[in-house]
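Its first residue numbered 1, the sequence shown is counted upward by one per residue in the UniProt record's numbering. In this text, a Cβ means the ideal position worked out from N, Cα and C, and glycines have one as well. Below is one structure, written out as structure tokens; comments come after it.
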Amino acid sequence: MPTRKKTLMYTGAFLTSVASFVIICVVLGTQMWMDSEVSFSGGNTITAVSLTYGLFQVTCTQFINAGLQVSENSFQVAEGLNSTGTKSINTVIIVFLVLSLLSSLLSAGFTCTNAVSNPYQTFLGPIGVYTWNAIGGIFTLLVMILFPVNVEGNDMSVELAVRCISVSLTHVGSEHRYEYSYWILLLSIILNIVTIIIIYFYDHARYSKKKEQERPIENASKDVILF
1 MPTRKKTLMY
11 TGAFLTSVAS
21 FVIICVVLGT
31 QMWMDSEVSF
41 SGGNTITAVS
51 LTYGLFQVTC
61 TQFINAGLQV
71 SENSFQVAEG
81 LNSTGTKSIN
91 TVIIVFLVLS
101 LLSSLLSAGF
111 TCTNAVSNPY
121 QTFLGPIGVY
131 TWNAIGGIFT
141 LLVMILFPVN
151 VEGNDMSVEL
161 AVRCISVSLT
171 HVGSEHRYEY
181 SYWILLLSII
191 LNIVTIIIIY
201 FYDHARYSKK
211 KEQERPIENA
221 SKDVILF
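Rendered as structure tokens:
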């Protein structure tokens, strides 16, 4: 059976792993990643499109001459993206989030196992927890980098806005605001780091205690040799 200290430390790491898992579920399940205002011109008319979207769903509202609402509709992100690059990056982001989700789940499994038992396999201990949290944190960080690349570099909002207005107009400007579904990814990364720190402190304390217990035996051996 594990010591009380080990149970408490690994239980804390289990809770942070579960929290990270829940956050990734929320990120995948909500569509409040981006809020964009895209403007087009055609003749004497200025058309503005307000977009709110995530990885799967888009909601757009069309305005003419900065006031009159013309239409509001929703559609799938995949339907509104025409360029292969934008579609590919969006797919990669989803894959990375799924992998991060699995990493958090495995971390929760490993920490739970260590909280109630002393596994014999080395990888099931601290090494496994370090590995899965590092992998999950890296994938989440890559998502936070790739999504702005798609929005700012590949004009993802413009592509979706064009699908919304369904006519050929000239793009004149865009404004972007990243919403909570994007920013809470930071919290997931922080929780990955906290999990690693908790297990590191436990493992370091256990190692230090083990070395202290070995010193009297080493000193006793030297005394016997001298005698």
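Nearest-angstrom Cβ-Cβ length linking residue i and residue j, presumed shorter than 8 angstroms
i	j	result
residue 42	residue 58	At roughly 22 angstroms, the Cβ-Cβ gap does not stay under 8 angstroms, so residue 42 and residue 58 are not in contact.
residue 143	residue 185	6 angstroms
residue 199	residue 154	Not really, about 39 angstroms apart at Cβ, beyond 8 angstroms.
residue 2	residue 108	About 17 angstroms; that fails the 8 angstroms criterion.
residue 151	residue 40	Contact doesn't hold; Cβ gap of about 17 angstroms is too wide.
residue 27	residue 141	About 13 angstroms; that fails the 8 angstroms criterion.
residue 54	residue 91	Between residue 91 and residue 54 the Cβ distance is about 14 angstroms, and since that is not below 8 angstroms, they are no contact.
residue 179	residue 32	4 angstroms
Pair within 8 angstroms by beta-carbon distance, residue i and residue j
i	j	result
residue 126	residue 203	yes
residue 124	residue 21	no
residue 228	residue 174	What is shown of the chain runs 1 to 227, which leaves residue 228 out entirely.
residue 176	residue 34	yes
residue 50	residue 61	yes
residue 56	residue 99	no
residue 131	residue 17	no
residue 24	residue 101	yes
residue 111	residue 14	yes
residue 137	residue 193	yes
residue 78	residue 63	no
residue 45	residue 65	yes
Residue interval of the beta strand (DSSP E) (run including residue i)
i	result
residue 36	34-42
residue 50	45-53
residue 21	Careful: residue 21 lies outside any beta strand (DSSP E), inside the alpha helix (DSSP H) at 4-29.
residue 159	Per DSSP, residue 159 belongs to no beta strand (DSSP E); it is in the alpha helix (DSSP H), 156-165.
residue 179	First-last for residue 179: undefined, no H or E at that position.
residue 56	Note, residue 56: premise wrong, no beta strand (DSSP E); not H, not E.
Beta carbon proximity, residue i to chain C, threshold 8 angstroms
i	result
residue 90	You won't find chain C in this structure, because it holds only one protein chain.
Near the ligand NAP: residue i beta-carbon under 7 angstroms from a heavy atom
i	result
residue 56	This structure lacks the ligand NAP; in fact it carries no ligand of any kind.
Stretch-stretch touch, CB-based, cutoff 8 angstroms, three pairs: the stretch 167-176 with the stretch 80-98: no
In chain order, each alpha helix (DSSP H) run of at least 4 residues that lies wholly inside the stretch 106-153: 126-148
Continuous alpha helix (DSSP H) assignments of at least 4 residues falling wholly in the stretch 65-108: 77-80
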